[in-house]
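>
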Amino acid sequence: MKHFLFLLILIVTSECYAQQTDIVDFKRIDATLKFETDTKKVIGELDVEFHVKKASDSIYLDAVAMEITNVASSGFKMQSSEDKIWILGKFKAGKMYQARFSYIASPQQTLYFTGDQIWTQGQGKYTSHWLPSIDDMNDKIEFDLQIIANSQATVIANGALKEVNNIDVSNRGWQFDMTQPMSSYLVAVALGDFRKKEINSQSGIPISLYYKSEDSLKVEPTYRYTREIFDFLEAEIGIPYPWQNYKQIPVRDFLYAGMENTTATIFSEAFVVDSIGFNDRNYINVNAHELAHHWFGNLVTETSGEHHWLQEGFATYYAHLVEKELFGSDYYYWQLYQTAEQLRELSEAGKGESLLNAKASSLTFYEKGAWALHVLRELIGDEAFKKAIENYLRNNKFGNVTTSDFLREVRAVSTVDIDRWEEDWLKQTAFNSSQAFNSLSKSDFMNRYFQVSSLRATPVLQKIGELRDAILGGNDFIGQEAVYQLSGEDRFVTHALYEEALESKNLYIRQAVAVSMDGVSERLKPKFEKLLQDSSYVTIEAALYSLWSSFPEERSRYLDVTRSVEGFQDKNVRQLWLALAIITDGYRTEEKTTFVNELRGYTGNTYSFELRQLAFRYINELRLYNDEVLDNLIDASVHHNWRFRNASRTLFSEIIKNPGTKEEIIKKMDSFSEKEQQFLQTQFKE
Ligand SMILES: [Zn+2]
850 MKHFLFLLIL IVTSECYAQQ TDIVDFKRID ATLKFETDTK KVIGELDVEF HVKKASDSIY
910 LDAVAMEITN VASSGFKMQS SEDKIWILGK FKAGKMYQAR FSYIASPQQT LYFTGDQIWT
970 QGQGKYTSHW LPSIDDMNDK IEFDLQIIAN SQATVIANGA LKEVNNIDVS NRGWQFDMTQ
1030 PMSSYLVAVA LGDFRKKEIN SQSGIPISLY YKSEDSLKVE PTYRYTREIF DFLEAEIGIP
1090 YPWQNYKQIP VRDFLYAGME NTTATIFSEA FVVDSIGFND RNYINVNAHE LAHHWFGNLV
1150 TETSGEHHWL QEGFATYYAH LVEKELFGSD YYYWQLYQTA EQLRELSEAG KGESLLNAKA
1210 SSLTFYEKGA WALHVLRELI GDEAFKKAIE NYLRNNKFGN VTTSDFLREV RAVSTVDIDR
1270 WEEDWLKQTA FNSSQAFNSL SKSDFMNRYF QVSSLRATPV LQKIGELRDA ILGGNDFIGQ
1330 EAVYQLSGED RFVTHALYEE ALESKNLYIR QAVAVSMDGV SERLKPKFEK LLQDSSYVTI
1390 EAALYSLWSS FPEERSRYLD VTRSVEGFQD KNVRQLWLAL AIITDGYRTE EKTTFVNELR
1450 GYTGNTYSFE LRQLAFRYIN ELRLYNDEVL DNLIDASVHH NWRFRNASRT LFSEIIKNPG
1510 TKEEIIKKMD SFSEKEQQFL QTQFKE
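For what it's worth, this note's numbering labels the leading residue of the sequence shown as 850, then goes sequentially.
1. By the DSSP assignment, the alpha helix (DSSP H) with Ala1331 in it spans what residues?
2. Are there 16 or more other CB atoms within 10 angstroms of the CB of Gly1230, so buried, or fewer, so exposed?
3. Mind reading off the beta-carbon distance from Ser1405 to Tyr1436? Whole number of angstroms is fine, and I expect it under 8 angstroms.
4. Going by CA-CA distance only, name the one from Asn1007, Ser1062, Asp993, Thr1251 that's closest to Gly1041.
5. Quick check on this structure: which residue in Thr1165, Asn1206, Gln1462, Ala1198 has the alpha carbon closest to the alpha carbon of Glu1155?
6. Please give me, in chain order, every unbroken run of the beta strand (DSSP E) with length at least 3 that falls completely inside the segment 1084-1128.
7. Under a three-way DSSP split, which group does Gln1418 fall into?
8. Could you tell me whether any non-hydrogen atom of ligand 1 is closer than 6 angstroms to the CB of Met927?
9. Tell me the residue span of the alpha helix (DSSP H) that contains Met1295.
10. Using the rule of at least 16 other Cβ atoms within 10 Å of the residue's Cβ for burial, across every protein chain shown, is Asn991 buried or exposed?
11. What do you reckon, are the CB atoms on Val1422 and Ala1391 nearer than 7 angstroms?
12. So does Met986 have its beta carbon nearer than 6 angstroms to some heavy atom of ligand 1?
13. Are the CB atoms of Val1171 and Ala1137 within a distance shorter than 7 angstroms?
14. Within the segment 1222-1254, note down every full beta strand (DSSP E) run reaching 3 residues or more, in order along the chain.
15. In chain order, what residues of the same chain lie with their CB nearer than 6 angstroms to the CB of Ile858, ignoring the 5 residues before and after it?
16. If you reduce the DSSP assignment to three classes, tell me which class Glu931 lands in.
17. Taking DSSP's pairing of strands, which residues face Gly893 in a bridge?
18. Quick check on the DSSP output: the alpha helix (DSSP H) that includes Phe1377 runs from which residue to which?
19. Do the segment 970-983 and the segment 941-948 touch if we need at least three Cβ pairs shorter than 8 angstroms?
20. Any heavy atom of ligand 1 within a distance shorter than 6 angstroms of the CB on Lys851?
21. Should Gln1424 go down as buried or exposed, given a rule of 16 or more other Cβ atoms within 10 Å for buried?
22. Whole angstroms are fine: how far does the CA of Trp1158 sit from the CA of Tyr866?
23. In whole angstroms, what separates the C-alpha of Thr888 from that of Ser1000?
24. If you count every other CB in all the chains shown that lies within 10 Å of the CB of Phe1341, and 16 or more means buried, which is it?
25. Return the first residue and the last residue of the alpha helix (DSSP H) that Val1478 is part of.
26. Excluding sequence positions up to five away, which residues of its chain have a Cβ less than 7 angstroms from the Cβ of Leu1104?
27. Label Phe1533 either buried or exposed according to how many other C-beta atoms from any shown protein chain fall within 10 Å of its C-beta, with 16 as the threshold for buried.
28. By the 10 Å Cβ neighbour count, where 16 or more other Cβ atoms means buried, how is Val1305 classified, buried or exposed?
29. Quick one: does the C-beta of Glu1151 sit closer than 6 angstroms to a heavy atom of ligand 1?
30. Distance, Cα to Cα, Ala1361 vs Ala1331?
31. For Asn1287, is the classification buried or exposed, using 16 other Cβ atoms within 10 angstroms of its Cβ as the cut-off for buried?
32. Tell me whether Ala1464 sits in a helix, a strand or coil according to DSSP, three-state version.
33. Confirm the yes/no value for this check: CB of Ala1168, any heavy atom of ligand 1, distance under 6 angstroms.
34. Rounding to the nearest angstrom, what Cα-Cα distance links Ile1505 and Val1445 in this structure?
35. When the Cβ atoms of the segment 1477-1487 are set against those of the segment 1440-1459, are three or more pairs found closer than 8 angstroms?
36. Taking the alpha-carbon positions, what's the Val1301 to Phe1294 distance?
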């Protein structure tokens, strides 16, 4: 799974049901499932095969709040409890058994209905909310799903699509087949109005790139370099991609950046970009990270949370290597440097964590894990590193692993002593900044960057020459650093440098001016105005706001120039534009109501939570609340995405302080859903 970095939350499950895995090994789960959009229920038929290792009279499947509607197999009884389905009979050691039954589930999590899409998120959430299965990662099962869906929908699940057949006039059945076992948190289904583009890896693996029909022009920028990433990882890791095919599906209101469900990565629709958005916010890192998990996590899986870095640290490290291949080593070192700074800060605040701490933060598992591998590779050399990785994967394929399994392979191929490394990077809680910065200083680029960043406290007049060189040098990161140092300094002194930066051929240096310069001077105005047409939505948004604030008499002109720009998936430019157009006196007065309605409309649940959250922010700033917005805010306050839900709740608790608002809501209480009414009752109690 790939989290957004600023969300350092990860649910690590360390509970284990060791007893059950000693008694039984589930081999195969064959399920036929139908999802009811109206009632949000799952209607399923399950056919499960298991091998009994020790004689027993009861065996269970994890199954949350499920009702058994029919038992088709004879020979044993079945019954459901709060979180399990029990199979009762006289099971003998060494024998294979098969049980068949039907069930109904009403998943409260793990399976989500968002607009016309249905999708799942198993890691940290438990697949047993919608599919009876084994929540323990140590029991690897072959899952073969058949999904019955309305004829317009496209269905994606793990494995190869064998056939699609007509069930009745309005439904089709999609039959998927896996040939290898996996842990249940990797089972996935996505259903919606999707189309796909098909490509093949160099090794011949079919890769499907899914998209919504209205996003056909965004397919190329969104999935840019997918084949290169795939081919690079296969070559770098040295073990062929171990599954039948690979599919990637962007969905609305996803909980994380992406999730590596075996052969079916689901990722946030926020990464669906056009060629301008690609420059600011692209899918490459997440694309590489989730694919890398198909070896590290899916092929070899941690036995427990204590070894979580074997999944996240490795996926993060290999995604860094992909970026190095695509964007060069400056980019690679820059990313490592950024994370080293975050880890150093955490460590210096006394909050450093050992990589082997099952309750560590994402920053530790992901980035300290990647650092550990970077340092290990420098220590033992490329050849030994690659050999160890290959052996580790080959010897543990389709199985479970611990950190010792990995270290054993490293020690087997290298004579270099790694005891100290193990102590410094795996066990110790502090981040080893000195080793990290030693490593970074092997890069000429980092040394040049450190020279420029060390000038931050130097008076501007004494560093003009160096800053100019840095800007003219045209490096993304060094150039940006130089521009940031101009912020707040005497305009008379910085004018010429800002001019150079605005004329730079480097998009990111120009962007640094847009986001860091407070107030645009009359002399820089003509050059600054060009940023309104730059190839970056971050730049356009910042430039529009700066120019609008700095030159009140030109507001209408700036708004006209940017009128048709939408921006990212959350319409960042369009929403700022609407807010400014609404408050600009004399601008398109006859259309004001339309603008207000458009902005209010964006708070509705037909839009993604990212878009809605931004709309609520502008509505709040401009005090444009009405009944429609308030209803949408209540709907948002019970959303499945906790970030959005919490932000909406905070806003709501402010709004109901307004006199009369609470009474208005109470009057129409019946019009809200059950979930919304529950939320409102808790709000009004306080
Ligand atoms: Zn991950």
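All C-beta atoms, glycine included, are put in the ideal place defined by N, C-alpha and C.
Answer, in terms of the structure:
1. 1325-1333
2. exposed
3. 5 angstroms
4. Ser1062
5. Asn1206
6. 1095-1100, 1113-1117
7. coil
8. no
9. 1293-1302
10. Correcting the residue type first, residue 991 is Glu in the shown sequence and not Asn. So Glu991 counts as buried.
11. no
12. no
13. yes
14. 1248-1250
15. Annotation note: pLDDT 37 at Ile858 (below 50); position unreliable, coordinate value reported separately. Cβ within range, chain order: n/a, list empty.
16. coil
17. Leu882, Tyr952
18. 1374-1378
19. no
20. yes
21. buried
22. Interpretation of Tyr866 is limited by its pLDDT of 43, a score under 50 that renders its predicted location unreliable; the figure taken from the coordinates is listed afterwards. Rounded to the nearest angstrom, the two C-alpha atoms are 22 angstroms apart.
23. 19 angstroms
24. exposed
25. 1476-1485
26. Gln970, Asn1490
27. exposed
28. At residue 1305 the sequence reads Arg, which differs from the Val that was named. Arg1305 comes out exposed.
29. no
30. 9 angstroms
31. exposed
32. helix
33. no
34. 22 angstroms
35. yes
36. 11 angstroms
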